[in-house]
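One structure below.
Numbering (the working numbering), first residue to last: 40 to 156.
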């Protein structure tokens, strides 16, 4: 009679590594990275304390990319608070818009030059 496999007999596949596994903040209380205050010295001190972990973190770029991609509205991610990330996104939008305008103007000039030739 064939043996019926028990749960302990099943193979457990290893979990795929995630970028956050190597984070300097791994194991810290999440509340550290989400300061409660909306301004003033206490909130600023809490934010700077959280950023201290980011300063030595080997996965800081991945963390910041994650936060920007997911549009994280709160907390310290990748060494930046929500206001700094919002400014980074605004600057990227301005740059993209400027590049679109320049490309459009160049295409127009080239089309006009082709029409004259």
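Backbone N, C-alpha and C define an ideal beta-carbon position, used for all residues, glycine too.
Quick caveat, the model's predicted, so the values are computed rather than measured.
Asked, Found
"Inter-residue spacing [alpha-carbon to alpha-carbon] between residue 124 and residue 155", "47 Å"
"C-alpha distance - residue 65 paired with residue 91, whole-angstrom precision", "13 Å"
"Per-residue burial, residue 116 [other beta carbons within 10 Å of its own, 16 or more giving buried]", "buried"
"Endpoints, alpha helix (DSSP H) assigned at residue 92", "79–93"
"CB contact flag (residue 103, residue 84, <8 Å)", "no"
"Per-residue DSSP class, three states only, for residue 119", "strand"
"Three-state secondary structure assigned by DSSP to residue 65", "coil"
"Residue 112 in three-state terms, based on DSSP", "coil"
"Separation of residue 121 from residue 113, as counted between CA atoms", "5 Å"
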